[in-house]
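Down below is the structure, laid out as C-alpha cells.
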Amino acid sequence: MQMDGEELKMERKISIRKMWSMIFLAIFSAIGLTCGVDMDAWCVSGEGLEGYGVLASFLARLERSLSAERILPFLIAFLMVFLIKEVRKREFQSRDRVLAAIFAVCFSGMQFLGKSYSICDSWGMLFGGKFVFLRALLIILGASVPVYYLILFAFHFMEKVSGKENTGAGVFSGKYFVTAALLVFLCWLPYFILFFPGTSGNDTASQIAQFFGQSTWTRKLSAVRGKDIYLSNHFPFFTTVLAGVFVKVGVWLGNAAVGVALYVLLQMIFMAFTLSGVWFYLRWAGLSRRCMKAGLFFTAFFPLYPMYAICMLKDTAFGVFCLILSVLLLEIVRSKGACLKKKLFCAGFALDSLLIMLFRSQGVYMMLVVLVVILTVYRRYWIAVVASLLLPILLFQFVWIGVLLPKWKVAPGGRQEMLGILFQQTARYVKQYPEEVTPEEKEAIDGVIEYEKLAEKYNPQLTDPVKYTFRQDCTSQELAAYLNAWFGMLLRHPGTYIEAVLNNCYGFFYLDQPSGMVYRDFKQKSHWKEEGVLSFEAPFLSETVLQAVQMAVDTLQRIPIVNLLFSVGMYAWIVVYFVLDMIRKRNYAYLIPGLMSVLSTGILLICPANGNFRYIMPLIYAAPFLIGLCILRGEG
Numbered sequence: 004m005q006m007d008g009e010e011l012k013m014e015r016k017i018s019i020r021k022m023w024s025m026i027f028l029a030i031f032s033a034i035g036l037t038c039g040v041d042m043d044a045w046c047v048s049g050e051g052l053e054g055y056g057v058l059a060s061f062l063a064r065l066e067r068s069l070s071a072e073r074i075l076p077f078l079i080a081f082l083m084v085f086l087i088k089e090v091r092k093r094e095f096q097s098r099d100r101v102l103a104a105i106f107a108v109c110f111s112g113m114q115f116l117g118k119s120y121s122i123c124d125s126w127g128m129l130f131g132g133k134f135v136f137l138r139a140l141l142i143i144l145g146a147s148v149p150v151y152y153l154i155l156f157a158f159h160f161m162e163k164v165s166g167k168e169n170t171g172a173g174v175f176s177g178k179y180f181v182t183a184a185l186l187v188f189l190c191w192l193p194y195f196i197l198f199f200p201g202t203s204g205n206d207t208a209s210q211i212a213q214f215f216g217q218s219t220w221t222r223k224l225s226a227v228r229g230k231d232i233y234l235s236n237h238f239p240f241f242t243t244v245l246a247g248v249f250v251k252v253g254v255w256l257g258n259a260a261v262g263v264a265l266y267v268l269l270q271m272i273f274m275a276f277t278l279s280g281v282w283f284y285l286r287w288a289g290l291s292r293r294c295m296k297a298g299l300f301f302t303a304f305f306p307l308y309p310m311y312a313i314c315m316l317k318d319t320a321f322g323v324f325c326l327i328l329s330v331l332l333l334e335i336v337r338s339k340g341a342c343l344k345k346k347l348f349c350a351g352f353a354l355d356s357l358l359i360m361l362f363r364s365q366g367v368y369m370m371l372v373v374l375v376v377i378l379t380v381y382r383r384y385w386i387a388v389v390a391s392l393l394l395p396i397l398l399f400q401f402v403w404i405g406v407l408l409p410k411w412k413v414a415p416g417g418r419q420e421m422l423g424i425l426f427q428q429t430a431r432y433v434k435q436y437p438e439e440v441t442p443e444e445k446e447a448i449d450g451v452i453e454y455e456k457l458a459e460k461y462n463p464q465l466t467d468p469v470k471y472t473f474r475q476d477c478t479s480q481e482l483a484a485y486l487n488a489w490f491g492m493l494l495r496h497p498g499t500y501i502e503a504v505l506n507n508c509y510g511f512f513y514l515d516q517p518s519g520m521v522y523r524d525f526k527q528k529s530h531w532k533e534e535g536v537l538s539f540e541a542p543f544l545s546e547t548v549l550q551a552v553q554m555a556v557d558t559l560q561r562i563p564i565v566n567l568l569f570s571v572g573m574y575a576w577i578v579v580y581f582v583l584d585m586i587r588k589r590n591y592a593y594l595i596p597g598l599m600s601v602l603s604t605g606i607l608l609i610c611p612a613n614g615n616f617r618y619i620m621p622l623i624y625a626a627p628f629l630i631g632l633c634i635l636r637g638e639g
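Whatever position you read off the sequence shown (first residue = 1), add 3 for my numbering.
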C-alpha cells in the first residue's frame, strides 16, 4: 500500500527531526567528553571578570572551559552519530531505556566525582559555585549520552547472543573439562616460572612472621595483649596457619621457597579447575559452545588470573570461594531448591561457606545475608539451609572464634576495624571544622581515638593512620559517648561525612584510578635472613624484569578498550550492569547467584584503602560469570 502525499511529508519531517536530534546529541556528547575542569583561579572566582555582566561572565567562564581542540571533538561527534543511528534501528521497551539512563547518569556522575576527588580530595568540582555546578551538569549529562546508547547496545547484543540455539544444555564431558583446565594451567605456568616461587603482599609477610613466633605490629591492634601473645586474628588466623605451614614444610625440606612454590602450585591448579569449571557449568546450564570457548580463552590468557594464582595472599583464595558459592547459588535457583535435597551438595555448600568465613573477617556477615535470603526464598528446604549455612556460621563464631582461638592464645582483631569509616568521618570533621567541636565532644572523641593527632593523621584515602590511634582499653561507656558525639556532628555537617566516605572509596568506581593491579615479588621481612626464618632469591626475577613487568602493566592501562580490564574501577560497574539487566528481564531469581558480588561491591564503600586492587579480586573472578548469567536464558 502506497503512502499518500501527506503521509510522505510527515515521514520526511520525522526523519529530519530524528537527524537533527542525532546531531544535537552527538555535539552535546562531544562537548561533555572534552569540556575542561581546570580553569585559572581568577576566572573561577570572578576577580578577573569585574565589570562583566552576568551573561558575559557566564560566557567567559564557559569559553575557558570548552576544549579548543577541533579534531577530537569532531571525531567524537562523528562516531556518536553512527552509534545513535545504529542503536535506534533496534526496538527497546521503555523499561530498557529507563534502566539504561539510570546506569548512564550514575556511571558518568561517579566518573566526574572521581576526577574531582583525585584532583582536590573533595567534591569542589561539582559544588564549587553556580557556574561550576552547571558546568559539572553539562559534563555529566554529555558523558551520559554515549554511555546510555552503549548500554542499550549491550542489552540488544546480550539478547541476540542468548537467543541463539544452545543444543549442548544438560551435557557435561569430564574428559573435556579436565583437558581444558590443564591447558589453562599450562598457559599460566610461564608466570610461575618467571616469578618463582610466587608473589605475596605485606600482610602475608606479617602472617608468616607471626607463625614463626616473631612479634609484629598487629600485636598493638588488639585489646588482648601479653608477653606470650604474639599471634593475632587481625589477619584471619586460619590463613596465617595455612601460609606458615607451607613455609615450614619448605624449611624442613631445606629451602623455604619450596614450601611457597608448593602452595602456589596447588593454588594454581585449584584456580585453573575452578575458573574453567565455571564455564563448563554455564555450558551445561545452556550457554552456547562459542561463548564457553571464548570464556575459556579469556581465562587462559587474561594476565590478572595467573598473576593472582601465583600470589600467596588470603584475598586470592577468598575470591575463588566466593565464585564457587555463586555457582552453588545458581544451581539452587535453577533447580528451584531441589539440589538442597542432596547431601553431597549441602556438604559442599557448608564447606565453602565455612572457608569464606575463615579466609576473610567480613565473610561471616556476608554469609548471614546469604542465609537470610536463601531461608526466605527456599524456606521449604529450611532444614538443608540450616545445615548448609547456619551450622557453619555457628561453628565459626562460637567454636573457632569463641573457643579455639582463645585456647591457642590468639588475640582477637581490634574493634577499630569495624569503626574505621566512622573514625575517618570524625577526623575529616575535626580537620575542617575544629572550632565547632565542643569540649564535651572533644572529650568523648579523645576517650576512643587520640583527638590531637586526628588532623595530622587524616589521610582521605586510607583509614589506617586514624584507625590505629584507637585506644584499645576504652570502655563501652566511652564508646557510647563517642558514638553520641559522632551523631551530633553528623547533624551539623552531613556533607562532611558523605565526603569522607566518597573520598575513601571513589577509586573502586572511577575508571581512571591508578593501580598496580598485581604483586610483583614475594615480600620478606628485612630481619628474616639473619634469623633464618625465610630468605630466598627469586632465580629469574631481576630488577630489570621487575621494571619490565611494571612497564607492561602500566602500558596495558593505556591501551584503549584493553585498559578497561586493568582498571580497578571497572568491575563494580559490571555488577551494577548485571543487577539492572536482571531487573530489566524481570529475572529476579537470578539476582541470587550475584548476591556475593553485590555484597562485595557494597563492602567497597567502607574499605580501609581507596582503590586497593586486592579488595576487588572477588569481582574480577566473578565478572565473566555475571556476564554469562546475562547471556543465559533463565526463567523470570
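Where a beta carbon is used, it is the ideal one built from N, C-alpha and C, also for glycine.
Straight-line spacing of the CA atoms in residue 286 and residue 362 works out to 29 Å. Cβ neighbours of residue 80 within its own chain (closer than 6 Å, five residues either side excluded): 29, 30 and 33. The bridge partners DSSP lists for residue 315 are 203. The three-state secondary structure of residue 234, taken from DSSP, is strand.
Taking a cut-off of 8 Å on C-beta distances, the segment 377 to 395 touches the segment 330 to 344, as three or more cross pairs fall below it. It is roughly 48 Å from the alpha-carbon of residue 450 to the alpha-carbon of residue 278. With a cut-off of 8 Å on Cβ pairs, the segment 565 to 585 is not in contact with the segment 314 to 328, counting fewer than three such pairs.
Boundaries of the alpha helix (DSSP H) harbouring residue 455: 454 to 460, taken from the DSSP string. Put simply, the segment 391 to 402 touches the segment 349 to 356. At least three CB pairs are less than 8 Å apart. Taken through DSSP and simplified to helix, strand or coil, residue 473 comes out as strand. Within the same chain, 238, 316 and 317 come within 8 Å of residue 206 by CB-CB distance, once the 5 residues on both sides are set aside.
By the criterion of at least three beta-carbon pairs nearer than 8 Å, the segment 70 to 85 is not in contact with the segment 564 to 571. According to DSSP, residue 565 shares a beta bridge with no other residue. At the C-beta level, residue 426 and residue 466 come within 8 Å of one another. Residue 612 has 465 as its beta-bridge partners, per DSSP.
Three or more beta-carbon pairs drawn from the segment 86 to 99 and the segment 149 to 166 are found closer than 8 Å, and the two stretches are therefore classed as touching. At the C-beta level, residue 419 and residue 473 come within 8 Å of one another. Contact between the segment 500 to 519 and the segment 116 to 126 is established, with three or more Cβ pairs separated by less than 8 Å.
Within the same chain, 342, 343, 377, 381 and 595 come within 8 Å of residue 335 by CB-CB distance, once the 5 residues on both sides are set aside. Residue 506: member of the alpha helix (DSSP H) spanning 497 to 506, first to last residue.
In this structure residue 150 is buried. Its beta-carbon is surrounded by 16 or more other beta-carbon atoms within 10 angstroms.
Secondary structure note for residue 592: it is in no alpha helix (DSSP H), with a DSSP letter that is neither H nor E. Per DSSP, reduced to three states, the secondary structure at residue 157 is helical.
Counting only residues of its own chain and dropping the five nearest sequence neighbours on each side, residue 298 has a CB closer than 6 Å to the CB of 282 and 627. Looking from the CA of residue 243, the closest CA among 204, 274 and 231 belongs to 204.
In the DSSP assignment, residue 118 falls within the alpha helix (DSSP H) that extends over 97 to 123. Apart from the 5 residues on each side of it in sequence, residue 59 has no Cβ closer than 6 Å to any other Cβ in its chain. With respect to residue 448, residue 469 sits apart: the two C-beta atoms are not nearer than 8 Å. Residue state for residue 303 is assigned as helix, using DSSP reduced to three classes. A distance below 8 Å separates the beta carbons of residue 370 and residue 392.
Rounded to the nearest angstrom, the Cβ distance from residue 218 to residue 233 is 5 Å, consistent with a contact under 8 Å. Cβ neighbours of residue 609 within its own chain (closer than 6 Å, five residues either side excluded): 424. Secondary structure note for residue 509: it is in no alpha helix (DSSP H), with a DSSP letter that is neither H nor E. Residue 630 and residue 180 have their C-alpha atoms some 20 Å from each other.
Put simply, of 57, 40 and 475 the residue whose alpha carbon is nearest the alpha carbon of residue 422 is 475. In the displayed model, residue 571 falls within coil according to three-state DSSP, outside both helix and strand.
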